[in-house]
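Read through the structure below, which is laid out as structure tokens, and then see the notes.
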Amino acid sequence: MTEQYTLGYSDAAMRFLVRRKLDTHGAFFIPHLSPGLRVLDCGCGPGSITFGIAARIGNGSVEGIDMDGPQIALAQQRAKESGVGNATFRQASVYELPYPDNSFDAIFSHALFEHLKDTVGAAKECLRVLKPGGVIGVATPDWEAFIVAPATPARRAAVQAYVDKQTANGGDPGTGRKLATILAQGGFASPRLHARFEVYDPITAITEVMAVQYDRDGMPQHAQTMRDLEQDPMGMWAQAWVSCIARKPG
Ligand SMILES: C[S@@+](CC[C@H](N)C(=O)[O-])C[C@H]1O[C@@H](n2cnc3c(N)ncnc32)[C@H](O)[C@@H]1O
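When we follow the working numbering, the leftmost residue of the sequence shown carries the number 286, and every step to the right adds one.
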């Protein structure tokens, strides 16, 4: 089975990702950021969280890597337009990071590991480029804990269809609760888990991107379920995010 990135790169997917900021989605990592650090952001996408890291590290620098060239180009363009001088972006795979051993003080990764077939392999590669004693912070959803309300058979079926699709693509929608184990198996010490819910408001922030994926993947009935959910005044989509902080043994 080859690995395939389930979300894809539609306009809806880009709108979905650029809403994310360090303060909203990477807050768990803020205590580990300080001026002067060299930071790597793995699977940075359009870079909206990376820019928040850049703002926190003063004269330090952050490098964002992503396997998708157009997203890297978009991140570079956004950095230029907003005058962010200490963030650079590079097309690369997390399995083969283009850096020597012990290059970074800190590594961050948001919403990447659930898409990976070899999460431990990715963790080992992060360990290689992190300095001894350096910190890693990884966050990823856990679809087993999502709350889509009011629950109906159609909504449950739509969520399950996404879970099945991501699994068929080589990912693991249940990665969240496994993060500590994955990082420990990758060689990291003292992994500590934390979790939170993101409640989408407006709910269209998630239903739109889900509907686009269902249409793309030939599941129009689930796309319609998403559009019906948008119209439900009692509707809620709460996404469970799990984060894990660990250190490279020093
Ligand atoms: C859901 S997006 C997350 C983007 C950003 N971190 C955020 O949370 O907004 C996942 C990103 O991981 C990238 N990706 C998937 N597999 C990858 C791999 N093996 N190496 C590097 N990037 C990868 C995708 O291209 C995509 O941009």
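Virtual Cβ for every residue (Gly too), placed ideally from N, Cα, C.
Under a Cβ-count criterion, where at least 16 other Cβ atoms within 10 Å of its own Cβ denotes burial, should Thr404 be classed as buried or exposed?
For the purposes of this step, residue 404 is identified with residue 119 of the sequence shown, where counting begins at 1. By the beta-carbon neighbour count (other beta carbons within 10 angstroms, threshold 16), Thr404 is buried.
Does DSSP classify Arg501 as helix, strand or coil?
What you label residue 501 is simply residue 216 of the sequence shown in a count that begins at 1. The answer is helix: DSSP assigns Arg501 an H, G or I state.
At a threshold of 7 Å, does Ala396 count as lining ligand 1 (C-beta to nearest heavy atom)?
As a first step, residue 396 must be located in the sequence shown, where it is residue number 111. True, at least one ligand heavy atom lies under 7 Å from that Cβ.
Excluding sequence positions up to five away, which residues of its chain have a Cβ less than 8 Å from the Cβ of Trp526?
If you number the sequence shown from 1, residue 526 lands on position 241. A distance below 8 Å between beta-carbons, with the five flanking residues on each side excluded, links Trp526 to the following residues of its chain, in chain order: His310, Ala424, Thr425, Pro426, Asp427, Gly461, Ala480, Arg481, Phe482 and Glu483.
Going by CA-CA distance only, name the one from Phe301, Ser346 and Val448 that's closest to Gly330.
Position 45 of the sequence shown holds residue 330. Taking each of Phe301, Ser346 and Val448 in turn and checking the Cα distance to Gly330, the smallest one comes out for Phe301.
Check: Ser333 C-beta below 7 Å from any heavy atom of ligand 1:
Along the sequence shown, read from residue 1 onward, the residue named residue 333 stands at position 48. Answer for Ser333: yes, Cβ within range of ligand 1.
Beta strand (DSSP E) segment containing His310, residue limits:
Residue mapping note: residue 310 aligns to position 25 of the sequence shown, counting from 1. Here His310 belongs to no beta strand (DSSP E); instead the alpha helix (DSSP H) covers Leu307 to His310.
Distance CB(Ala490)-CB(Arg304) smaller than 8 Å:
The sequence position of residue 490 within the sequence shown is 205, counting from 1. The sequence position of residue 304 within the sequence shown is 19, counting from 1. Yes. Within cutoff.
Starting from the C-beta of Gly471, find all residues in its chain whose C-beta is less than 6 Å away, skip the five residues before and the five after it, and write them out in chain order.
Along the sequence shown, one-based indexing puts residue 471 at 186. Here Gly471 has Val405, Ala408, Lys409 and Leu412 as same chain residues with Cβ atoms under 6 Å from its own Cβ, once five neighbours each way along the sequence are excluded.
Going by the C-beta, is Gln356 closer than 7 Å to any heavy atom of ligand 1?
As a position in the sequence shown, residue 356 is number 71, starting the count at 1. Checking the Cβ of Gln356 against ligand 1 gives yes.
Whole-angstrom distance between Leu318 and Asp326, CA atom to CA atom:
If you number the sequence shown from 1, residue 326 lands on position 41. If you number the sequence shown from 1, residue 318 lands on position 33. Asp326 and Leu318 have their C-alpha atoms spaced approximately 12 Å apart.
Starting from Gln348, follow the beta strand (DSSP E) in both directions and report where the run begins and ends.
Counting from 1 along the sequence shown, the entry for residue 348 is found at position 63. Going by the sequence as given, residue 348 is Glu instead of Gln. Under the DSSP assignment, Glu348 falls in the beta strand (DSSP E) whose first and last residues are Ser346 to Asp351.
Exposure of Ile334, with buried meaning 16 or more beta-carbon neighbours within 10 Å:
Locating residue 334 in the sequence shown gives position 49, counting from the first residue. When all chains shown are included, Ile334 counts as buried.
Between Ile357 and Ala531, what straight-line distance do the alpha-carbon atoms span, to the nearest angstrom?
Locating residue 357 in the sequence shown gives position 72, where the first residue counts as 1. Locating residue 531 in the sequence shown gives position 246, where the first residue counts as 1. Distance between Ile357 and Ala531, taken at the CA atoms: about 27 Å.
Less than 7 Å between the CB of Ile245 and some heavy atom of ligand 1, yes or no?
Since the displayed the chain opens at 286 and closes at 535, residue 245 lies outside it and no answer follows.
Taking 7 Å as the cut-off, is the beta-carbon of Gly461 closer than that to any non-hydrogen atom of ligand 1?
Along the sequence shown, read from residue 1 onward, the residue named residue 461 stands at position 176. A distance criterion of 7 Å places the beta-carbon of Gly461 beyond contact range of ligand 1, judged by its closest non-hydrogen atom.
Report yes if the C-beta of Tyr384 is less than 7 Å from at least one heavy atom of ligand 1; otherwise report no.
As a position in the sequence shown, residue 384 is number 99, starting the count at 1. No, the beta carbon of Tyr384 sits no closer than 7 Å to any heavy atom of ligand 1.
Neighbourhood of Gly337 by C-beta distance below 7 Å, restricted to the same chain and skipping five residues each side
Walking along the sequence shown from the start, residue 337 turns up at place 52. Non-local C-beta neighbours of Gly337 in its own chain, meaning closer than 7 Å and more than five positions away in sequence, comprise Lys306, Leu307, Asp308 and Gly311, ordered along the chain.
What do you get for Asp351, buried or exposed, if any count of 16 or more other CB atoms within 10 angstroms of its CB means buried?
Position 66 of the sequence shown, counting from 1, holds the residue named residue 351. With 16 or more other Cβ atoms within 10 Å, it is buried.
Assigned secondary structure, Ala525 (DSSP; H/G/I helix, E/B strand, else coil)
As a first step, residue 525 is located in the sequence shown; it is residue number 240 there, counting from the start. In the three-state scheme derived from DSSP, where H, G and I count as helix and E and B as strand, Ala525 is classed as strand.
For Pro458, collect the residues of the same chain with a Cβ closer than 8 Å to its Cβ; drop the 5 residues on either side in sequence, then sort them by chain order.
Residue numbering aside, residue 458 sits at position 173 when the sequence shown is read from its first letter. Contacts found: Glu399, Pro426, Asp427, Trp428, Glu429, Tyr447, Val448, Gln451 and Thr452.
Hey, how far is the Cα of Glu288 from the Cα of Leu478?
Taking the first residue of the sequence shown as position 1, residue 288 is located at position 3. Taking the first residue of the sequence shown as position 1, residue 478 is located at position 193. Computed Cα separation, rounded: 26 Å.
How many whole angstroms separate the CB atoms of Gly349 and Phe374, which I take to be in contact at a CB cut-off of 8 Å?
For the purposes of this step, residue 349 is identified with residue 64 of the sequence shown, where counting begins at 1. For the purposes of this step, residue 374 is identified with residue 89 of the sequence shown, where counting begins at 1. Between Gly349 and Phe374 the beta-carbon gap is near 5 Å, inside 8 Å, which marks them as a contact.
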